[in-house]
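> Submitted below is the structure of interest, expressed as structure tokens.
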Amino acid sequence: MPFGSRSDGVILTRIADPGSATQGGGGLRWGILSRPDRPSRRTRLKLQEFHARQLLRASGLPVPAWSVATTPQEVGEAAVRYLAGGAERVVVKAQVLVGGRGKAGGVKLAANPEEAAAIGRAILGMEIRGIRVRRVLVAPAADIVHEYYLGAVIDRAARRILLMGSAAGGVEIEEVARTDPAAVVRVHAHPHLGLLEYQARQMAFALGLGALLAEAVAIARGLVATMVANDADLVEVNPLAIVRERASDGTETLSLQCLDAKVTIDDSALPRHPELEAMRDLDEEDPADVEARAADLSFIKLEGTIGCMVNGAGLAMTTMDLVKRAGGAPANFLDIGGGARSDKVATAMRLILSDANVRAILVNIFGGITRGDEVARGLIEARAQQERDVPMVVRIVGTNAAEAATILEAAAFETATSLDDAAARAVAAAERAGAAA
Ligand code: GDP
Ligand code: MN
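Below, the structure is given as structure tokens:
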């Protein structure tokens, strides 16, 4: 569901906030809506450009040919094909899930196969913002006349899909929104009918695309349709370019082409889209995220020092708040879910400890279907496996709390009965560990 929050209750979204853009506040930003103080965090599925291009194509949008290469030789071979097909040059583009690849040297043009292979070798060897490039996209280079921006996001406040366009394309829209907010055109799609014809025409005219009206309208509507069809929360084409093509008799035609594509999918919608789940690039995901997903744990890494293991999303949020109130900062959001067995608890512990910043762990379990003794046994199991000794404060109440207390006491765990007390002790333990370090 494009408008849904995650099933674990954490609302993570790209906030399209026209207000902050006009105030020079940074325009679009990612974040946990109810917690603007928390660092932003990627929890949706981000697709590589070549996958995003497939989705645009499937919606009938004009995307030029491309192929994916993993070796310089493959880049050369693709270049041979496109140059033989009439292209004057080819473009080689790093496939990594970060923006600004062009600026970082990850997008280069080549005039012959040798040059393409050499560029392929250079780009395949590079790191862009810490991510190693393993694949490149090779395509016939477009002869660009002008670059536009066109992107659809969820506007949660308006509860609609927001299509944004700008005639100042090629650069980041955040930058345009900040320096020249009036240069960003905004249209809200109809919640049931999608982007209506007249709305697409408004957008096209506002961008100065009247001469290519039919194409621009189809692209604008297609972008929104792509978003709806895939439960995406972002579909962005930057640049959408006016491209000049020269026929063999010398006549020139202009057309609109999607030269870059960025799509992110709402995680909650993935059960409806196994074909999109298959596009997930595990190489670029945080290993902790991958393990958490495999174990069916809701885990979000944050930047504090107190690891939190909690059952229930609401209690997890509350626990984070109490840690803050006690003067500490949570290292993560973690909901082990209802009825968690001891092995799941052990996995959760491993995830928490995989974060080198963690100096203390606060376990807060309210036993309902989750049994306190199961969790206690899981904690003992986890501690036996754990490589790093980190102080832990455990509060278990509810189902089988007495059994849990007996087990924990026998194993010499530090326990607490009140949540405030538990939070205060975890914060104190983290401070002691910090001072000792
Ligand atoms: P990004 O920097 O990660 O957004 O990557 P893009 O795919 O948007 O490429 C960055 C820039 O490279 C674009 O804004 C264009 O100016 C340029 N570029 C990309 N593809 C082509 C192409 O086919 N032909 C030409 N001439 N330039 C291109
Ligand atoms: Mn781009």
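The sequence shown runs -4 to 432 under our numbering.
Note that the Cβ used here is the ideal one computed from N, Cα and C, for glycine as well.
Going by C-alpha distance, which of Glu247, Ala209, Thr259, Val305 is nearest threonine 365?
Position 370 of the sequence shown holds residue 365. Closest option to threonine 365, Cα to Cα, is Val305.
> Hey, alanine 163 and tyrosine 144: beta-carbon distance below 9 Å or not?
Here residue 163 corresponds to residue number 168 of the sequence shown, with the count starting at 1. Here residue 144 corresponds to residue number 149 of the sequence shown, with the count starting at 1. Yes, these two residues count as a Cβ contact at 9 Å.
> So does glutamate 142 have its beta carbon nearer than 8 Å to some heavy atom of the ligand GDP?
Taking the sequence shown and counting its residues from 1, one reaches residue 142 at position 147. Glutamate 142 Cβ: within cutoff of the ligand GDP.
> Determine the burial state of lysine 103: buried for a count of at least 16 other Cβ atoms within 10 Å of its Cβ, exposed for fewer.
Against the sequence shown, residue 103 aligns to sequence position 108. Under this definition lysine 103 is a buried residue.
> What is the C-beta distance between glutamine 381 and leucine 348, in whole angstroms, given that I count them as a contact (C-beta under 8 Å)?
As a position in the sequence shown, residue 381 is number 386, starting the count at 1. As a position in the sequence shown, residue 348 is number 353, starting the count at 1. 6 Å between Cβ atoms; contact.
> Would you call the CB atoms of leucine 229 and alanine 147 closer than 9 Å?
Taking the sequence shown and counting its residues from 1, one reaches residue 229 at position 234. Taking the sequence shown and counting its residues from 1, one reaches residue 147 at position 152. The answer is yes: Cβ separation under 9 Å.
> In whole angstroms, what is the alpha-carbon distance linking valine 212 and leucine 56?
One-based indexing of the sequence shown puts residue 212 at position 217. One-based indexing of the sequence shown puts residue 56 at position 61. Looking at the two C-alpha atoms, the distance is approximately 11 Å.
> Hey, out of Ile123, Gln68, Ala134, whose CA is closest to proline 59's CA?
Stepping through the sequence shown from its first residue, residue 59 is reached at position 64. That would be Ala134, whose Cα lies nearest to the Cα of proline 59.
> Quick check on this structure: which residue in Leu277, Met274, Arg196 has the alpha carbon closest to the alpha carbon of alanine 215?
One-based indexing of the sequence shown puts residue 215 at position 220. Nearest option by C-alpha distance: Arg196.
> Quick one: residues in its chain with C-beta nearer than 6 Å to the C-beta of glycine 20, no 5 flanking neighbours on either side, listed in chain order?
In the sequence shown, counting from the first residue as 1, residue 20 sits at position 25. The pLDDT assigned to glycine 20 is 31, lower than 50, so where the model puts this residue is not dependable; a value taken from the coordinates is nonetheless given after this. Once the five neighbours on either side are set aside, glycine 20 has no close Cβ partner at all.
> Please list, in chain order, all residues of the same chain as tryptophan 61 whose beta carbon is under 6 Å from its beta carbon, the five residues on each side excluded.
One-based indexing of the sequence shown puts residue 61 at position 66. Around tryptophan 61: Leu132, Ala134.
> How many angstroms separate the CA atom of serine 413 from the CA atom of arginine 390?
Here residue 413 refers to the residue found at position 418 of the sequence shown. Here residue 390 refers to the residue found at position 395 of the sequence shown. When rounded, the distance between both Cα atoms is 7 Å.
> For the ligand MN, is there any heavy atom lying closer than 8 Å to the beta carbon of lysine 257?
The residue labelled residue 257 in the question sits at position 262 within the sequence shown. It does: the Cβ of lysine 257 is within 8 Å (strictly closer) of some heavy atom of the ligand MN.
> Under the rule that 16 or more other beta-carbon atoms within 10 Å means buried, what is threonine 248, buried or exposed?
Indexing the sequence shown from 1 puts residue 248 at position 253. Under this definition threonine 248 is an exposed residue.
> Hey, which unbroken runs of the beta strand (DSSP E) at 3 residues or more fall wholly within the stretch 168 to 255?
Those beta strand (DSSP E) runs which fall completely within the stretch 168 to 255 and span 3+ residues are 179 to 183, 227 to 241, 247 to 253.
> Could you compute how far the alpha carbon of leucine 78 sits from the alpha carbon of alanine 308?
Your numbering for residue 78 matches position 83 in the sequence shown. Your numbering for residue 308 matches position 313 in the sequence shown. So the two alpha carbons sit approximately 55 Å from each other.
> Mind checking which residues open and close the beta strand (DSSP E) that includes methionine 304?
The residue you call residue 304 lines up with position 309 of the sequence shown. Per DSSP, methionine 304 belongs to the beta strand (DSSP E) from 301 to 305.
> Within its chain, find whatever has a CB closer than 7 Å to the CB of leucine 310; leave out the 5 residues flanking it on each side and keep chain order.
As a working note, residue 310 is residue 315 in the sequence shown. Result list for leucine 310: Asn359, Phe361, in chain order.
> Go to threonine 313, then tell me how far its alpha helix (DSSP H) extends in each direction, as first and last residue.
Against the sequence shown, residue 313 aligns to sequence position 318. Its alpha helix (DSSP H) spans residues 308 to 320.
> Quick one: give me the first and last residue of the beta strand (DSSP E) that alanine 105 is part of.
The sequence position of residue 105 within the sequence shown is 110, counting from 1. Segment 102 to 105, the beta strand (DSSP E) holding alanine 105.
> Please say whether valine 318 and glycine 333 have beta carbons closer to each other than 9 Å?
Along the sequence shown, read from residue 1 onward, the residue named residue 333 stands at position 338. Along the sequence shown, read from residue 1 onward, the residue named residue 318 stands at position 323. No, the pair does not count as a contact, with Cβ atoms beyond the cut-off.
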